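Its first residue numbered 683, the sequence shown is counted upward by one per residue in the working numbering. Each residue gets a CB set at the ideal place from its N, CA and C atoms; glycine is no exception. None of these values were measured; they are calculated from a predicted model. Notes to accompany the following structure.
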Amino acid sequence: MCGIFGIVTSQEQLLGDILTAAARRLTYRGYDSVGIATLSDDGRIDLRKDAGRVDTVAVKYNFSEMSGRRGITQLRWATFGEPSQVNAQPHLDSDGDMVGAHNGNVVNNVELRQQFIAEGLTVRSQNDGETCVHAVEHYINKGYDFIDAIRLAYGDLAGDYAFVIGHVRDDKLFAIKKGSGLVVGLGEDADGRPFTCVSSDLPSILPLTRKIVRIHDDEIITLWADHIELRSVKDGKRLYREPEIVTQNMDTVQKGGYPHFMLKEIHEQPQVAREVLHLLEEAREVNTVIERIRKARLLYLIGCGTSYHACLIGSVYFAQLAGLAAIPVLAPQFIPQYAPAVNHEDVGLFVSQSGETKDVLNALQVAEKRGMTGIGIANVIGSTLTKSTACWLPLCCGYEISVPATKTFTNQVVTFLYLAYRLAGREPRELEQIPALMERTLEMTDLQMKALAGEINAWNDLYCLGYGATYPIALEGALKLKEITYAHCEGMLSTEFKHGPLSAVSEGYPVIFAAPPDDVPLIVSGINEVTCRGGRAIVIGEDDSRLRANASDMIALPKAGPSISPLLAVLPLQLLAYYVSVARGYDPDFPRNLSKTLTVD
Ligand code: AGP
683 MCGIFGIVTS QEQLLGDILT AAARRLTYRG YDSVGIATLS DDGRIDLRKD
733 AGRVDTVAVK YNFSEMSGRR GITQLRWATF GEPSQVNAQP HLDSDGDMVG
783 AHNGNVVNNV ELRQQFIAEG LTVRSQNDGE TCVHAVEHYI NKGYDFIDAI
833 RLAYGDLAGD YAFVIGHVRD DKLFAIKKGS GLVVGLGEDA DGRPFTCVSS
883 DLPSILPLTR KIVRIHDDEI ITLWADHIEL RSVKDGKRLY REPEIVTQNM
933 DTVQKGGYPH FMLKEIHEQP QVAREVLHLL EEAREVNTVI ERIRKARLLY
983 LIGCGTSYHA CLIGSVYFAQ LAGLAAIPVL APQFIPQYAP AVNHEDVGLF
1033 VSQSGETKDV LNALQVAEKR GMTGIGIANV IGSTLTKSTA CWLPLCCGYE
1083 ISVPATKTFT NQVVTFLYLA YRLAGREPRE LEQIPALMER TLEMTDLQMK
1133 ALAGEINAWN DLYCLGYGAT YPIALEGALK LKEITYAHCE GMLSTEFKHG
1183 PLSAVSEGYP VIFAAPPDDV PLIVSGINEV TCRGGRAIVI GEDDSRLRAN
1233 ASDMIALPKA GPSISPLLAV LPLQLLAYYV SVARGYDPDF PRNLSKTLTV
1283 D
């Protein structure tokens, strides 16, 4: 994720407080490090940055005294390159006359860094934001002017990102984007002097102005204090777009226009899946993880709650795709059940959104004492889990605010699927269809789940069943429903239902099936056991005439095959839980009695 903000004003002034306030409003996009660069008319760049939260770093480096006519700030959510002063953004070019910052991921960072080092450029960090600056410098050194150098750099920088850059002997800022968001603001200060600004997102712009222009991929925007100029990156031709006036209030804007963070985070899933897939393709750590898994005597997948459900599906993928047995286990149960049998040849993948769950850290501590290699899979980099494991992989989701985990779950599943593909020697590029399939799933199921929520709202007791790779999805769907609707929803293996719980079924009783495409006949049997007793069988799965003919309700997913289809099935379940929660008048973002991060036993 990460966030950027840049401003161009009409005259030299104190800019530190304006940039700090903008950074504070971008904190939701990252808080591992923060930096500010100001550019003055006398040819000076003042750059101050460090690891830590905005308010701490702002005081430590006295951001308030920073002045200039242009300024850039960046909030970092670390992926690769630890949160540190050198990796904090913005970054300078080799001789310090250009400064820039980015958000997102440049996926060919490693190759480009090597190229720039070989060319003799001064590369100071591992961070891909610095690579963006050198990518421009590379073309300036070849004699291109500034704007053409940025346009050419755009072609070299692969991934999803937004990037802002300024040159000290200039009066403008330039910005480009690929995949990520980028918004420009046009306004006047209290004395009526014009300014322009650019940011990854609206919350940092709206306190300054409500007149905005949204930038698209393949466009380059130039900002002067009193006007902007939009051009095509490809041919440099001028483009014209009328500014719009944003009327939403700040609360709605922070939620990306959605009424709750949960719904925003549900809809962010395709984008963060795209980002994590890019990153996994590029990260050298992935090869280390794969090597260690291959050599392991026993492999454990360890987590709690939603992260445990990801471990369950990970274990199905490892077995089905790579013929590799992995033991999924709830972190606290690992200690009495498996720790006594663990030795130094074993490997544990410790999975956690927060990286701070005490149950997970306890299990890690016990496992490592017995010589096991612990590998982390975490969203919050710099968390205790990432600091305590030999090696870790990031989930690349940015800040997940809503208590119910959504986007971090799907990226955990995508990560396991990716690892399983690699372990199986299959081409992971096949997984690149996932983001588009997720988008399609959300489009196809949203209205249906909203309507269904109204109908099942009357029930305070229901089941969610799955089989094979959809068994963990059923558990996850049930957890979402429990967590934010306060109804009792039990997740279960579909074949177990007849061994007892079937007695709960009465007229209209809702039973949700997540149907794996390869096991339709088995699911059809389960459906009929419910419907013949008057129950309502709600089926989520790839469209199939056998399912349609037997189900009470069919929630059709796009065709995706046995590995990807289960991942898609969780999206309508998240939507269903969300809509029931809202219909009941609850706040899905902050369910009663729960906390996002459980640092207690
Ligand atoms: C998920 O919706 C829950 N909020 C909860 O089960 C969560 O997954 C669990 O507490 C583990 O958290 P972690 O991933 O941060 O370790």
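Residues near glutamate 1224 by beta carbon distance below 8 Å, same chain, minus five either side: For the purposes of this step, residue 1224 is taken as residue 542 along the sequence shown, with counting starting at 1. If we look at glutamate 1224 and ignore the five residues flanking it on each side, its Cβ neighbours are Ala1197, Pro1199, Ala1238, Leu1239, Pro1240, Lys1241, Ala1242, Ser1247.
Segment limits, beta strand (DSSP E) that includes leucine 905: Sequence index remark: in the sequence shown, residue 905 carries index 223 (1-based). It spans 901 to 905 - the beta strand (DSSP E) in which leucine 905 sits, taken as one unbroken run.
Excluding five sequence neighbours on each side, which residues of the same chain lie with their C-beta closer than 6 Å to the C-beta of glutamate 870? For this step, residue 870 is matched to residue 188 along the sequence shown. Once the five neighbours on either side are set aside, the close Cβ partners of glutamate 870 are Pro876.
Assign cysteine 1214 to one of three DSSP states: helix, strand, or coil. Residue 1214 sits at position 532 when you count from the first residue of the sequence shown. Correct three-state label for cysteine 1214: coil.
Give the DSSP-derived three-state secondary structure of valine 1042 in the structure shown. As a first step, residue 1042 is located in the sequence shown; it is residue number 360 there, counting from the start. In this structure, valine 1042 counts as helix in the three-state DSSP scheme.
In whole angstroms, what separates the C-alpha of isoleucine 910 from that of valine 1193? Start at 1 with the first residue of the sequence shown, and residue 910 comes out as number 228. Start at 1 with the first residue of the sequence shown, and residue 1193 comes out as number 511. Using only the alpha carbons, I get a separation of about 56 Å.
For the ligand AGP, any of its heavy atoms closer than 7 Å to the Cβ of glutamine 1035? Here residue 1035 refers to the residue found at position 353 when the sequence shown is read from its first residue. Correct: glutamine 1035 has its Cβ closer than 7 Å to the ligand AGP.
Compute the minimum distance between the beta carbon of cysteine 986 and the heavy atoms of the ligand AGP, and state whether it is under 7 Å. Residue mapping note: residue 986 aligns to position 304 of the sequence shown, counting from 1. Result yes, Cβ under 7 Å from the ligand AGP.
Length-filtered (4 minimum) alpha helix (DSSP H) runs lying within the region 919 to 995: 932 to 936, 943 to 949, 951 to 964, 966 to 977
Taking only the alpha-carbon atoms, compute the straight-line gap between glycine 996 and valine 1095 and give it to the nearest angstrom. The residue labelled residue 996 in the question sits at position 314 within the sequence shown. The residue labelled residue 1095 in the question sits at position 413 within the sequence shown. The straight-line gap from Cα to Cα measures roughly 7 Å.
Helix, strand or coil for arginine 707? Go by DSSP, reduced to three states. In the sequence shown, the residue the question calls residue 707 occupies position 25. Helix.
Within the same chain, show all residues whose beta-carbon is closer than 6 Å to that of threonine 804, passing over the 5 residues directly before and after it, in chain order. Taking the first residue of the sequence shown as 1, we reach residue 804 at position 122. Ser776.
Pick helix, strand or coil for glutamate 814, following the three-state DSSP scheme. Translated into positions along the sequence shown, residue 814 becomes position 132. Position check: residue 814 holds cysteine in this sequence, whereas glutamate was assumed. Three-state result, cysteine 814: helix.
Same chain, Cβ closer than 7 Å to valine 1024, neighbours up to 5 away in sequence not counted: The residue labelled residue 1024 in the question sits at position 342 within the sequence shown. For valine 1024, where only same-chain residues beyond five positions count, the Cβ hits under 7 Å are Ala1049, Arg1052, Met1054.
Could you check where the beta strand (DSSP E) with leucine 1105 kicks off and where it finishes? On the sequence shown, position 423 is the one that residue 1105 refers to. Premise fails: leucine 1105 lies in the alpha helix (DSSP H), 1089 to 1106, not in any beta strand (DSSP E).
Buried versus exposed, by CB contacts within 10 Å (16 or more), valine 1282: For the purposes of this step, residue 1282 is taken as the residue at position 600 of the sequence shown. Under this definition valine 1282 is an exposed residue.
Here's the rule I'm using: 16 or more other beta-carbon atoms within 10 Å means buried, otherwise exposed. How should tyrosine 843 be labelled? Within the sequence shown, numbered from 1, the residue matching residue 843 stands at position 161. By the 10 Å Cβ count, tyrosine 843 comes out buried.
Is the Cβ-Cβ distance between glycine 992 and phenylalanine 1091 less than 8 Å? Looking up residue 992 in the sequence shown gives position 310. Looking up residue 1091 in the sequence shown gives position 409. One point to set straight first is that residue 992 is alanine, not glycine, in the sequence displayed. The answer is yes: Cβ separation under 8 Å.
Would you kindly work out how many angstroms separate the C-alpha atoms of arginine 730 and glycine 717, rounded to a whole number? Within the sequence shown, residue 730 is the residue found at index 48, counting from 1. Within the sequence shown, residue 717 is the residue found at index 35, counting from 1. Spanning the two alpha carbons is a distance of roughly 6 Å.
Kindly indicate which three-state DSSP category arginine 1230 falls into: helix, strand or coil? If you number the sequence shown from 1, residue 1230 lands on position 548. Residue state, collapsed to three classes: helix.
Flag this pair as yes or no: are the beta carbons of methionine 1131 and alanine 1156 separated by less than 8 Å? Counted from its first residue, the sequence shown places residue 1131 at position 449. Counted from its first residue, the sequence shown places residue 1156 at position 474. No, Cβ-Cβ distance for methionine 1131 and alanine 1156 is not below 8 Å.
Outcome for valine 866 when other beta-carbon atoms lying within 10 angstroms are tallied against a minimum of 16: As a position in the sequence shown, residue 866 is number 184, starting the count at 1. By the 10 Å Cβ count, valine 866 comes out buried.
From glycine 778 to leucine 839, what does the alpha carbon distance come to, in whole angstroms? As a first step, residue 778 must be located in the sequence shown, where it is residue number 96. As a first step, residue 839 must be located in the sequence shown, where it is residue number 157. Their Cα atoms are separated by approximately 21 Å.
CB of isoleucine 1205 within 8 Å of CB of serine 1176, strictly: Here residue 1205 refers to the residue found at position 523 of the sequence shown. Here residue 1176 refers to the residue found at position 494 of the sequence shown. Yes; because the gap between Cβ atoms is below 8 Å, this pair is in contact.
heavy atom of the ligand AGP below 7 Å from alanine 1087 C-beta: Sequence index remark: in the sequence shown, residue 1087 carries index 405 (1-based). Yes, the beta carbon of alanine 1087 sits closer than 7 Å to at least one heavy atom of the ligand AGP.
Contact test: glutamate 1165 Cβ vs the ligand AGP heavy atom, cutoff 7 Å: For this step, residue 1165 is matched to residue 483 along the sequence shown. Yes.
Counterpart residues of aspartate 1143 in DSSP-defined beta bridges: Position 461 of the sequence shown holds residue 1143. Answer by DSSP bridge pairing, in chain order: His1170.
Ignore the nearest five residues each way along the sequence and tell me which others in glutamate 660's own chain have a CB closer than 8 Å to its CB. Past the edges of the chain, shown from 683 to 1283, lies residue 660, and the structure says nothing about it.
Reduced DSSP category for valine 1024 - H, G, I as helix; E, B as strand; rest coil: As a position in the sequence shown, residue 1024 is number 342, starting the count at 1. The answer is coil: DSSP assigns valine 1024 none of H, G, I, E or B.
The beta strand (DSSP E) that contains serine 749, what's its start and end? Translated into positions along the sequence shown, residue 749 becomes position 67. Run containing serine 749: 749 to 758, per the beta strand (DSSP E) assignment.
Using beta-carbon positions only, say whether arginine 711 and glycine 685 come within less than 8 Å of one another. As a first step, residue 711 is located in the sequence shown; it is residue number 29 there, counting from the start. As a first step, residue 685 is located in the sequence shown; it is residue number 3 there, counting from the start. Closer than 8 Å, so yes.
For leucine 855, which of helix, strand or coil comes out of DSSP? Reading the sequence shown from its first residue, position 173 is the one you call residue 855. Leucine 855 falls in the strand class under three-state DSSP.
Suppose you measure from the CA of aspartate 1269 to the CA of glutamate 1125; what does that come to, to the nearest Å? Mapped onto the sequence shown, residue 1269 falls at position 587. Mapped onto the sequence shown, residue 1125 falls at position 443. Distance between the alpha carbons of aspartate 1269 and glutamate 1125 is about 23 Å.
8 Å CB neighbourhood of arginine 1228 in its chain, flanking five on each side removed: Position 546 of the sequence shown, counted from the first residue, corresponds to residue 1228. Val1202, Pro1203, Val1206.
Let's see if you can read the secondary structure: which residues bound the beta strand (DSSP E) around glycine 1182? The residue you call residue 1182 lines up with position 500 of the sequence shown. Here glycine 1182 belongs to no beta strand (DSSP E), and DSSP marks it neither H nor E.
Can you name, in chain order, every residue of its own chain whose Cβ lies under 6 Å from the Cβ of phenylalanine 798, other than the five neighbours on each side? As a working note, residue 798 is residue 116 in the sequence shown. Closer than 6 Å at the Cβ level, and outside the excluded window around phenylalanine 798, lie Val805, His816.
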